[in-house]
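S.K.: Numbering (the UniProt record's numbering), first residue to last: 1 to 184.
Beta carbons are placed, not taken as given, at the ideal position from N, Cα and C, and that holds for glycine.
Computed from a predicted model, the values in this text were never measured in an experiment.
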């Protein structure tokens, strides 16, 4: 399913999301590869299979194999890091922040794409997953690597819209399942 086909399945109450999904990826300060990689990573972080398939299918027209793999890798590694570092940040006992993570993160050092792109995609996942420590770290890195505040805002706008669409799709699936269960 394409993004355009997916938009047609969104209910009327999500009209703003339908409109935003059609524009945030294509009208931003990001390069097309950065925008589509952000969309892939945000879809993975949002954990909706229908949305992820649609985004990856359309992104494959804009990303080469290495960039698509790196966007998926950003979603994967941030799935781990965002949980770990959110815990470190939120735990009252600050000793955890002084302890080594002892988690493999080799992909961050060699993502197969420009580091600024991988960091932008990691920022998208961190925003979806709500890890303040990771948001700060990745925002700092992308600015240091030449990204603008507009680039950062566009990454977060894409992530926000994709996550909201995932929420609507999950809600509609749950309500559809509840209707079917009640009818049985």
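Quick check on residue 28: buried or exposed, where buried means 16 or more other Cβ atoms within 10 Å of its Cβ?
M.R.: In the chain shown, the residue the question calls residue 28 occupies position 28. By the neighbour-count rule (16 or more Cβ atoms within 10 Å), residue 28 is buried.
S.K.: Would you give the residue range spanned by the alpha helix (DSSP H) that residue 69 belongs to?
M.R.: Counting from one through the chain shown, the residue named residue 69 turns up at place 69. Counting along the chain, the alpha helix (DSSP H) containing residue 69 begins and ends at 65–90.
S.K.: Starting from residue 61 and walking both ways along the alpha helix (DSSP H), at which residues does that stretch end?
M.R.: Here residue 61 corresponds to residue number 61 of the chain shown, with the count starting at 1. From DSSP, residue 61 is part of no alpha helix (DSSP H); its letter is neither H nor E.
S.K.: How should residue 113 be labelled, buried or exposed, when 16 other C-beta atoms within 10 angstroms of its C-beta is the threshold for buried?
M.R.: For this step, residue 113 is matched to residue 113 along the chain shown. Buried, since its Cβ has 16 or more Cβ neighbours within 10 Å.
S.K.: Spell out a yes or no on whether the stretch 139–148 and the stretch 113–130 are touching, meaning 3 or more CB-CB pairs, one atom from each, closer than 8 Å.
M.R.: Yes, the stretch 139–148 touches the stretch 113–130.
S.K.: Which one of 129, 1, 157, 50 has the shortest CA to CA distance from residue 172?
M.R.: As a first step, residue 172 is located in the chain shown; it is residue number 172 there, counting from the start. Checked all of 129, 1, 157, 50; the closest Cα to residue 172 is 50.
S.K.: Here's a check: name, in chain order, each residue in its chain whose Cβ is nearer than 7 Å to the Cβ of residue 39, leaving out the five neighbours to either side.
M.R.: In the chain shown, the residue the question calls residue 39 occupies position 39. Within the same chain, residue 39 has close Cβ partners 25, 55, 59, 158, 162.
S.K.: Taking the alpha carbon of residue 188 as the reference point, which residue from 103, 94, 69 has its own alpha carbon closest?
M.R.: The structure shown does not extend to residue 188, since the chain is modelled only from 1 to 184, so the question has no answer here.
S.K.: Quick one: residues in its chain with C-beta nearer than 8 Å to the C-beta of residue 5, no 5 flanking neighbours on either side, listed in chain order?
M.R.: Position 5 of the chain shown, counting from 1, holds the residue named residue 5. Closer than 8 Å at the Cβ level, and outside the excluded window around residue 5, lie 54.
S.K.: Taking the Cβ atom as the reference point for each residue, do residue 164 and residue 17 lie within a distance shorter than 8 Å?
M.R.: Locating residue 164 in the chain shown gives position 164, where the first residue counts as 1. Locating residue 17 in the chain shown gives position 17, where the first residue counts as 1. For residue 164 and residue 17, yes; Cβs fall inside 8 Å.
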